[in-house]
Each structure stands twice: as structure tokens, then as C-alpha cells.
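In our numbering, the protein residues as written are 1 to 157. Worksheet: one structure, shown below.
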């Protein structure tokens, strides 16, 4: 019997570790993350587009000054449209809606208390606080910072 040599198989060489030059040109982990990354996953920075949408969610609530309850409906529509795209926008939209719902309740109670005179003082104070918090929230959203509105109930979690 003729003995033919069996083929000799050698495993491929393991990949070499990345050089320091390659590490210098690598993107940070936050840039490699998908937009569905969760903001609490250590140093997540929303994209400029996400920041613009978040600012829009904050500022579109000003429509409620012209049409009652549009301060809730307009951000709600944006939130429903954008929440599947980004967890950060989902969380930001919830914060905006919680703020709008809370302050709508405050305004309704204050308007009802106008009949006992105290509402005449409360309504303008609430209006100033509302606008201040709304502007602060929009500025923080433009910076990519999650702003926790004071005096807000968490209806959406």
C-alpha cells in the first residue's frame, strides 16, 4: 500500500494587536454607538439632529399659548414620531410631556381659584415660572443635557 502523506494543516496566525497609530485614529465609543443607545450608558452624547428635535419638543409647546392644550398635543405628536428613533429623544419627550401636563393642571387650578382672588396672583407667577423652565429646558436640550423639570409629576415613565 502506498502511503501518501496526509495534508498538514496549520491554524492561521492570530491577528496582531492594533498599533498605537490605529488607536489614535479610532472613533470614540460614543460615536460608534447607535442612536438607540441608552443615555445612562456612560457618557452618551446625543447627535446634533437629536438635540434639534429635543429643542423642538420643548419650544413647540409654546403653541399652547395660542390654542389651549396644544402645549401637550404638539410635543406629544413629535414624541410619538421620534421616540422609536432614539432612546434619548424618548426620555426627553417624556420629560417635556410630564412638565406640560403638570403645568396645565397647575394653570387649571389657578384659573379656578381666580374666583377667590388668590388666583389673580398665582396665574402670572405660574406663567413666569412656566416660561423660565421651558427656556431652560430648551437650552439644556440644545447642549445634550437631560433637564429634570422642577415641580413636575411623572405621569409617563
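A virtual CB, placed ideally from N, CA and C, is assigned to each residue, including glycine.
A distance below 8 Å between beta-carbons, with the five flanking residues on each side excluded, links residue 141 to the following residues of its chain, in chain order: 51, 54, 55, 57, 58, 92, 147. The alpha carbon of residue 102 has as its nearest neighbour, out of 145, 136, 155, 74, the alpha carbon of 155. Distance from the CA of residue 79 to the CA of residue 96, rounded to the nearest whole angstrom, comes to 9 Å. CA-CA distance, residue 89 to residue 13, rounds to 45 Å.
Apart from sequence neighbours up to five positions away, the residues of its chain that approach residue 46 with a beta-carbon distance below 6 Å are 88, 144, ordered along the chain.
Straight-line spacing of the CA atoms in residue 129 and residue 43 works out to 30 Å.
It is roughly 11 Å from the alpha-carbon of residue 72 to the alpha-carbon of residue 105. Around the Cβ of residue 134, a 10 Å sphere holds 16 or more other Cβ atoms; the residue is buried. In the structure shown, the three-state DSSP call for residue 152 is coil. Secondary structure note for residue 142: its alpha helix (DSSP H) is the uninterrupted segment 118-142. Burial of residue 76 is indicated by the presence of at least 16 other C-beta atoms within 10 angstroms of its C-beta.
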